[in-house]
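Asker: As given, the protein sequences belong to chains F and L, one line each in that order.
Counting from 1, one number per residue, gives the positions in the first sequence under my numbering.
Counting from 228, one number per residue, gives the positions in the second sequence under my numbering.
Note that CB positions come from ideal geometry on N, CA and C, so glycine has one too.
Dumping the structure here so I can ask a few things about it.
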Amino acid sequence: MRILLVEDDNDLQASLAEILRGAGYAVDVSGDGIEGLFFGQEYPLDLAIIDLGLPGLPGLDLIRKLREHERRFPILILTARADWQDKVEGLEAGADDYLTKPFHPEELKARVSALLRRSAGHAQPVIELGPLKIDLVSQRVYNGKQEIDLTTYEYKVFEYLLMHPDAVVTKTVLSEHIYEEDADRDSNVIEVFVGRLRRKIDPQGLLNPIETLRGRGYRLSNPPRAT
Amino acid sequence: MSIKAKQTRPISLRLRLVVLAVLLLTISLGLVGFALDAAFHRSSEAGLRARMESLVYLVLAATEVGDDGSLMFDENPGDPRLDQPGSGVYASVTGDNDHWTSDSSLGISLPDPVPIPTGESDFLPASDETGFFYTYRCGVSWELPQDRLLPVTVSILVDPQELQPELRAFRKGLWQSLGLTGIILVLAQLVLLALGLRPLRRITEDISGIESGKLNRLEGNFPKELEPLQRNLNHLLNTEQANQVRYRNALDSLAHSLKTPLSVIRSSLQSDGSAKTVAIENAVADMQRLIATRLQRAAASSRSSNAPAVEVKTQLERLVLSLKRVYSQELINIDVMIDPDLEFFGEQRDFLELTGNLLDNGCKYGKGQVRLSAQTIDAGEPRAGIRLQVDDNGPGIAEDQREQLLQRGVRGDERVEGHGLGLAIVLEIVRAYQGDITITESDLGGARVSVTLLTR
């Protein structure tokens, strides 16, 4: 999943980006509102984290402009202003949640995960897919009691497909959402990831949850159910 | 007002002007009265002199002089007052060796007549020298045989009492009309004062309107002289409002600039649970709580007296929509039971902060059912304040913990567990509005937090 982080404090931006990358997200960062708006409009994002006190374009205006441009990904506000007046204004501008500084990194990860889940329509943090159980918060995948060991990128691919059930996802889209803007992308690598993922989650080939649609992409069928 | 201020308080404008006007009127009317009195006195003396002069001729006409220079008189000199003893009008004629006084002088001691040279006459006002009589003297010569000339002095003396009735009548009329004029002028002055001071009274009323929050600035049309006052006062009010905004912005930016580094500290900590990490973590949490509660207190205490009324229902609906958005995956039902006309006469920011935190706690600790109701404290006085209740269906707060929770929040020097920072902020706001807060059991099963906020 790809996240835009707009935060003007360099130290905080760096450490938050590190935390989010550590949690398996692709993170694009920006230090001001105007650049943030450009990224928000141009990049294929799954979520944005926006600080309210931004140079260039204030956070609230940035959120309004993104919503005006029909960008519907969830937005999490980071704010030093803990007032409800500001929270209400932020939510009215189009944000989906807020986090008051200073916050725990765990809290940030939990909110991000919950927002991503909510926007995919999953009410619960644990998804069942046949015999598989995927815990979106701890990012662990179980087959019955047995934990399946996935690499970061394998999990990223799986997570993206889980968040877009029944949709046809091209290799380009997958690579756009698991890599950051300036990364080297190679669609062959995606094929490798999908191949390994299939073998790990369905070693017997009985379930076949990920279909390949030749020339078009992949589709996660056997829709996941919330536990 | 302090006692000292009472002692040095200057006399009121009205009293000042009235006293000065009365003093001025008394002095000027008094001077006019004395001048008129003196003028009348002089003119009545002039009239007296003319009358005395004609008496001289009457007396001369009645006088006959013998060849030896003796004086003889007609019985009737032609004025009855000369015959009537003590009439106040006396005549005397003095020759060389003879002296005559009119019958009216019987029993009256007249001063000794002083002869004056022939052909001269004089008028002496009543004084010590003249024995307190008006005296008119005229010197004539009587021709006697053998070309002798007898110098004769005719004196008319008039008791000053003669003029008194005339003077008294004049004075009475004079002082009566002057007094009436004075009263009319004082009354006119009072009317002028009332009219003249009316803009001042209006400005005072407007200022108390500003104090009570009904007005934002001096809007009325005031006379030219009061325009600088109005302008300066409005300027002062604007400055005050601007200062408040600036103050708040300064607090905001302080919060912003402190919280971001705190976030950096937190996000740089390893989550390894070591003693060091926990200590830093606790220190950051303390700083966070101090910033939140102290800033809230400062912002609440800087509340301006002329904030516009907050429409309670509208603002709560905004809040509920926002909360539903945040808790959208948790199926929370928030009931708002509020009269649409209910207004809160405090700061909107404080109101949102208080209800936001209470509702947020309700959503967090309840099991999906939150109810909020609000009423005015005093139906007859909508500005007095409001009462709010927030109920939830969560586990509630044990009786022995309620007091502790509220006490801790007030002390603000310990971490409030469970209900968190939100309650500490709520307590700050309640205190700023001199209200009170109680925690009881709700009919929904969870906690009920009741709050009153006074805005009078």
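Scan the region 528-607 of chain L and note each continuous beta strand (DSSP E) run of 3 residues or more that stays entirely inside, going in chain order.
Answerer: 560-565, 596-603
Asker: Any beta-carbon of chain L closer than 7 Å to the one on F:Met-1?
Answerer: Using a Cβ-Cβ cut-off of 7 Å, F:Met-1 does not count as an interface residue toward chain L, since no Cβ of chain L sits closer than that to its own.
Asker: Would you list, in chain order, the members of the region 147-172 of chain F that have their beta-carbon closer than 7 Å to a beta-carbon of chain L?
Answerer: none
Asker: To which residues does DSSP link F:Leu-78 through a beta bridge?
Answerer: F:Asp-51, F:Leu-99
Asker: Using three-state DSSP, classify L:Pro-372 as helix, strand or coil.
Answerer: Coil at L:Pro-372, not helix or strand.
Asker: Measuring alpha carbon to alpha carbon, tell me which of F:Val-88, F:Arg-198, F:Gly-59, F:Phe-193 ends up nearest F:Ile-178.
Answerer: F:Phe-193
Asker: Just verifying my parser: in three-state terms, what is the DSSP assignment at F:Tyr-142?
Answerer: strand
Asker: Please report the straight-line C-alpha distance between L:Val-653 and L:Leu-581, rounded to a whole angstrom.
Answerer: 5 Å
Asker: On the DSSP bridge list, what partners appear for L:Met-299?
Answerer: L:Glu-291.
Asker: Is F:Leu-37 near the ligand MG - that is, is its Cβ less than 6 Å away from at least one heavy atom of it?
Answerer: Absence of the ligand MG is noted for the structure shown, with no ligands found whatsoever.
Asker: Is there a C-beta anywhere in chain L that falls below 7 Å from the one on F:Lys-101?
Answerer: yes
Asker: Run through DSSP, which three-state label would F:Tyr-218 get?
Answerer: strand
Asker: Report the partner residues of L:Pro-378 according to the DSSP bridge assignment.
Answerer: For L:Pro-378, which the question treats as bridged, DSSP gives the partners L:Ser-368.
Asker: Return the residue from the list L:Gly-621, L:Arg-241, L:Gly-623 that minimises the CA-CA distance to L:Ala-421.
Answerer: L:Arg-241
Asker: So, with DSSP's three-state summary, where would you put L:Asp-386?
Answerer: coil
Asker: Going by the DSSP bridge assignment, what does L:Ala-674 pair with across the sheet?
Answerer: Per DSSP, L:Glu-668.
Asker: Taking 7 Å as the CB-CB cut-off, is F:Arg-118 touching chain L?
Answerer: yes
Asker: When burial is assigned at 16 or more other CB atoms within 10 Å of the CB, is F:Gly-121 buried or exposed?
Answerer: exposed
Asker: Going by the beta-carbon positions, is the gap between F:Gly-40 and F:Asp-8 smaller than 7 Å?
Answerer: no
Asker: By the 8 Å beta-carbon criterion, what residues does the region 53-77 of chain F contribute toward chain L?
Answerer: Gly-53
Asker: When you compare only the Cα positions, how much space is there between L:Ser-314 and L:Ser-331?
Answerer: 6 Å
Asker: Let me know the secondary structure DSSP gives F:Asp-32 once reduced to three states.
Answerer: coil
Asker: Name the DSSP bridge partner or partners of F:Thr-152?
Answerer: The partner list for F:Thr-152 (beta bridge, DSSP) is empty, contrary to what the question assumes.
Asker: When the cut-off is 7 Å and only beta carbons count, does L:Val-553 lie next to chain F?
Answerer: yes
Asker: In three-state terms, what does DSSP make of L:Arg-614?
Answerer: strand
Asker: When we look at the beta-carbon of F:Arg-2 and count the other beta-carbons within 10 Å, is it buried (16 or more) or exposed?
Answerer: buried
Asker: Would you tell me roughly how many angstroms separate the C-alpha atoms of L:Ala-519 and L:Ala-506, rounded to the nearest one?
Answerer: 20 Å
Asker: Return the residues of the region 465-492 of chain L that lie within a Cβ-Cβ distance of less than 9 Å from chain F, sorted by chain order.
Answerer: Asp-479, Ser-480, Ala-482, His-483, Ser-484, Leu-485, Lys-486, Thr-487, Pro-488, Leu-489, Ser-490, Val-491, Ile-492
Asker: So with Cβ pairs under 7 Å, would you call L:Thr-682 a contact of chain F?
Answerer: no
Asker: Would you say the region 365-378 of chain L touches the region 250-264 of chain L, given that touching needs at least three Cβ pairs under 8 Å?
Answerer: no
Asker: Under the three-state reduction of DSSP, which class applies to L:Asp-619: helix, strand or coil?
Answerer: strand
Asker: Considering L:Val-320, what are the terminal residues of the beta strand (DSSP E) in which it resides?
Answerer: 316-321
Asker: Hey, is F:Pro-131's beta-carbon within less than 7 Å of any beta-carbon in chain L?
Answerer: no
Asker: Between F:Ala-48 and F:Val-29, how many whole angstroms is the CB-CB distance? I'm expecting something under 8 Å.
Answerer: About 11 Å; that fails the 8 Å criterion.
Asker: Please report whether the beta-carbon of L:Gly-645 lies at a distance below 7 Å from any beta-carbon of chain F.
Answerer: Confidence at L:Gly-645 is low in this model, with a pLDDT of 43, below 50, so the placement of that residue is unreliable and no value is reported for it.
Asker: If the cut is a Cβ gap below 8 Å, which residues of chain F does L:Leu-546 touch?
Answerer: Trp-84, Val-88
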